[in-house]
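Top to bottom, those sequences are chains A and B.
If you're matching positions, the first sequence starts at 5 in my numbering and goes up one per residue.
If you're matching positions, the second sequence starts at 35 in my numbering and goes up one per residue.
Read through the structure below, which is laid out as structure tokens, and then see the notes.
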Amino acid sequence: MLNRNLIGKVYKPLTFKITGQRLKIFAKATGQTDPIYFDHEAAIMQGHKGIMCPPTFLIVVGMEQKKPFQFLEDLEIKIERILHAGQEFNYEEIVYEGDKLVMETKIIDMYDKKEGALQFCVLQTKFKNQNSIHVATLENTIVVR
Amino acid sequence: MNFNLDNISVGDKIPELLIEPITRSALKAYAHASGDFNPIHIDSNYAKKVGMKDVFAHGMLILAYLGRALTNIIPQSNLKNLNTNFCSITNIGDVLTCSGSVSEVHNYNSKLMIVFDIMAADETGDIKIIGTATIEK
Chain A
5 MLNRNLIGKV YKPLTFKITG QRLKIFAKAT GQTDPIYFDH EAAIMQGHKG IMCPPTFLIV
65 VGMEQKKPFQ FLEDLEIKIE RILHAGQEFN YEEIVYEGDK LVMETKIIDM YDKKEGALQF
125 CVLQTKFKNQ NSIHVATLEN TIVVR
Chain B
35 MNFNLDNISV GDKIPELLIE PITRSALKAY AHASGDFNPI HIDSNYAKKV GMKDVFAHGM
95 LILAYLGRAL TNIIPQSNLK NLNTNFCSIT NIGDVLTCSG SVSEVHNYNS KLMIVFDIMA
155 ADETGDIKII GTATIEK
């Protein structure tokens, strides 16, 4: 049984600057063919302020923490026991290269299925940009097998 | 190519996106690109030790492919929500296809909202990711 007392736990905010270089590496690794995701000039030509962050890129920011899996330590769960069960993104504003994001993650829910055989934990992460504008909210559900 | 969002009906399909067979090097590349170095995706010995057949793909890599299938035809600024479940793991050599079709079209606060059912499945039809994408026009 996961420690449900941890519901509501908020992790220290992390600031992360989105670089064009990082976006280019991400675009290459995900087979991206649209140049607005890896070519600065092409993005500008199409009216954007720079290379655009693709829809799933914000997950990367969470991995920049010193211990991205700290919540697993808190839950006393070994990493090999978890799988990514679900992922939701709510988008408010497009994020571009050069933006500086602040992310804050919170454990918002835990529940179980199959009489406790599968346990779930939901983390919510909110992202603001350098102008304190809320740009996106992510909800990541992991299952402990 | 852009999908015509002004003239859209329930059942309309987005063009399918066929993904190259998943390779170990693709998983290594995604680990470096994403910072997700969970060894279960990159170290075969480790994966076997913890009871898996071999390494398997990051769910988020497959979701990135599904995102591409959407942004190939819809400007990303119209994408408001992506909500997906990971149903089964993607193994080395799997050949995935990303697909989607319109499941709902309605007006909300004088804006047109279009919901797509989206999925990524392998060549045997095994569904890896299923979910919805909500577009605002």
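For each residue, glycine too, the CB sits at the ideal point set by N, CA and C.
Could you name the residues of chain A that B:H66 contacts, counting a contact when the two beta carbons are closer than 8 Å?
I29 and A33
Can you give me the start and stop residues for the alpha helix (DSSP H) that A:Q25 sits inside?
G24 to A33
Assuming B:L100 is part of the alpha helix (DSSP H), what are its boundary residues?
G93 to T105
Option nearest A:M67 by Cα separation, candidates A:R149, A:N144 and A:V148
A:N144
Specify, as a first and last residue, the run of the beta strand (DSSP E) that A:G10 falls within.
According to the sequence displayed, residue 10 of chain A carries Leu and not Gly. Counting along the chain, A:L10 falls outside any beta strand (DSSP E), and DSSP gives it neither H nor E.
To the nearest angstrom, how far is it from the Cα of B:T105 to the Cα of A:E77?
36 Å
Here's the rule I'm using: 16 or more other beta-carbon atoms within 10 Å means buried, otherwise exposed. How should B:K162 be labelled?
buried
Could you check where the beta strand (DSSP E) with B:F150 kicks off and where it finishes?
K145 to A155
Give the DSSP-derived three-state secondary structure of A:M49 in the structure shown.
helix
List, in chain order, every chain B residue whose beta-carbon is nearer than 8 Å to that of A:D43.
The premise fails here: A:D43 is roughly 15 Å from chain B at the closest Cβ pair, so nothing lies under 8 Å.
N-terminal and C-terminal residue of the alpha helix (DSSP H) that B:H66 is part of
R58 to S68
Mind listing which residues of the segment 78 to 100 of chain A have their C-beta closer than 8 Å to chain B's C-betas, in chain order?
I83, E84, L87, H88, A89, G90, Q91, E92, F93, N94, Y95 and I98
Check the Cβ of A:Q36 against every Cβ in chain B and list those closer than 7 Å, keeping chain order.
R102
9 Å Cβ cutoff, B:V129 in contact with chain A:
no
Is B:L130 helix, strand or coil by DSSP?
coil
What residue range is occupied by the uninterrupted beta strand (DSSP E) comprising A:F124?
L122 to K132
Apart from the five residues on each side of it in sequence, which residues of its chain come closer than 8 Å, Cβ to Cβ, to A:V99?
I22, M56, C57, F61, L62, L105, F131, N133, V139 and A140
Along the beta strand (DSSP E) that carries A:D116, what are the first and last residues, could you check?
K104 to K117
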